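K.L.:
Dropping the structure in here first, questions after.
There are 2 protein chains.
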Amino acid sequence: MVNDPFRALAHPIRRGIVERLAEGPATVGDATGGFGVSKPAITKHLKVLEETGVITREVHGRTHRLALEPAVLSEAADWMDEQRVLWTRLFDVVDDYLKEQSSP
Amino acid sequence: MVNDPFRALAHPIRRGIVERLAEGPATVGDATGGFGVSKPAITKHLKVLEETGVITREVHGRTHRLALEPAVLSEAADWMDEQRVLWTRLFDVVDDYLKEQSSP
DNA sequence: CGGATCGTTAACCATGTGGTAAACAGTAGC
DNA sequence: GCTACTGTTTACCACATGGTTAACGATCCG
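Taken in order, these protein sequences are the chains called A and B.
So the first sequence is numbered by my numbering: it starts at 3 and just counts up by one.
So the second sequence is numbered by my numbering: it starts at 3 and just counts up by one.
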């Protein structure tokens, strides 16, 4: 995981931005309005999202068009799913064991 | 997301610990050996994983038994999957549009 | 041109994060 | 009881993170 999408997702505001961009590309204003922090704070969050490759930016005149970069987020989603498979298998084993105990 | 599992997963060492515990519960030594950092560093990572509810700890004599807490990690996995559904749908729309253009 | 708008940059501050070495606490086992 | 072992606690340090206000840059539009 070269550009560590998990680092990008570690802050609720950045997850909020990702949620909005999952609905479609948007300008900075549209994607980040209503989080109750100043504009420079937003700029920094966007920088993290860009550095980690989670979003891309296209400058169009004075507005910027932000878009999700699914490949990078998929790395994170895939890792989570892998782990889920493992721990689910783990708990199935425990379940089986408990069932075996209760109905011998 | 009250106890923010994403914060816990933001560091590669903590993800490494999660990977090992996904194979089954383990002692601190077994779950955290080989990361090339000092013991206090490990203690701090474990503290984060515990605070966020990602792992639990049972003290048994002088060793501690660490185990994954699937419910909390599932929150993160579910969120990721939800987002994936959204951005996948998004890109399908783009694909459809492109197909429509190439074969009118 | 001149003002409004979109967004970033610069400077600064408080707090969090990630690491260390050294010491400690408790337990296991000879 | 003494020693070895497992793991935490206690400073301490450097740097990252997350926020602010003020100023700036660039573009759009009347």
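We put the CB at the ideal spot given by N, CA and C, even for glycine.
Computed from a predicted model, the values in this text were never measured in an experiment.
Which chain A residues sit within Cβ distance under 7 Å of B/V20?
P.N.:
What B/V20 touches in chain A: Q85.
K.L.:
Using the beta-carbon of each residue, which ones in chain B are nearer than 7 Å to A/A78?
P.N.:
The contacting residues are M82.
K.L.:
Give every residue of the same chain whose Cβ lies closer than 7 Å to the Cβ of B/F8, excluding the five residues on either side of it in the sequence, and list them in chain order.
P.N.:
A78.
K.L.:
Below 8 Å on C-beta distance, what does B/L92 contact in chain A?
P.N.:
The contacting residues are A24, E25, G26, L70.
K.L.:
So if I threshold CB-CB distances at 7 Å, which residues from the stretch 33-64 of chain B count as touching chain A?
P.N.:
Result list empty, no residue passes.
K.L.:
Comparing alpha-carbon positions, which option in B/V50, B/R86, B/T90 lies nearest A/R17?
P.N.:
Comparing Cα positions, the closest option is B/R86.
K.L.:
Flag this pair as touching only if the stretch 41-61 of chain A and the stretch 42-61 of chain B have three or more C-beta atom pairs under 8 Å; answer yes or no.
P.N.:
Judged by Cβ distances under 8 Å, the stretch 41-61 of chain A makes no contact with the stretch 42-61 of chain B, as fewer than three pairs qualify.
K.L.:
Along the chain, where does the alpha helix (DSSP H) containing B/E53 start, and where does it finish?
P.N.:
Segment 41-53, the alpha helix (DSSP H) holding B/E53.
K.L.:
Comparing the C-beta of B/A73 with each C-beta of chain A, is any distance below 7 Å?
P.N.:
Taking Cβ atoms only, chain A never reaches closer than 7 Å to B/A73, which makes this a no.
K.L.:
CA-CA distance, A/H62 and B/P14?
P.N.:
Distance between the alpha carbons of A/H62 and B/P14: 36 Å.
K.L.:
Between B/L68 and B/V74, what straight-line distance do the alpha-carbon atoms span, to the nearest angstrom?
P.N.:
Approximately 15 Å between the Cα atoms of the pair.
K.L.:
To the nearest angstrom, report how far apart B/L92 and A/W81 are at their CA atoms.
P.N.:
Answer to the nearest angstrom: the Cα atoms are 22 Å apart.
K.L.:
Quick one: residues in its chain with C-beta nearer than 8 Å to the C-beta of A/T65, no 5 flanking neighbours on either side, listed in chain order?
P.N.:
Cβ neighbours of A/T65 beyond the five flanking positions: T29, V30, G31.
K.L.:
If you measure between the beta carbons of B/L70 and B/L23, is that distance less than 7 Å?
P.N.:
Result yes, Cβ atoms of B/L70 and B/L23 sit closer than 7 Å.
K.L.:
Assign B/A12 to one of three DSSP states: helix, strand, or coil.
P.N.:
Of the three classes helix, strand and coil, the one that applies to B/A12 here is coil, per DSSP.
K.L.:
Nearest-angstrom Cα distance between B/G36 and A/T90?
P.N.:
If you take the alpha carbons of B/G36 and A/T90, they lie about 26 Å apart.
K.L.:
When DSSP labels each residue in this structure, what does A/A69 get in the three-state scheme?
P.N.:
Three-state DSSP puts A/A69 in a strand.
K.L.:
Counting only beta-carbon separations shorter than 7 Å, does A/R16 have a partner in chain B?
P.N.:
A/R16 does not count as touching chain B.
K.L.:
So, does the CB of A/R9 fall closer than 7 Å to a CB anywhere in chain B?
P.N.:
A/R9 counts as touching chain B.
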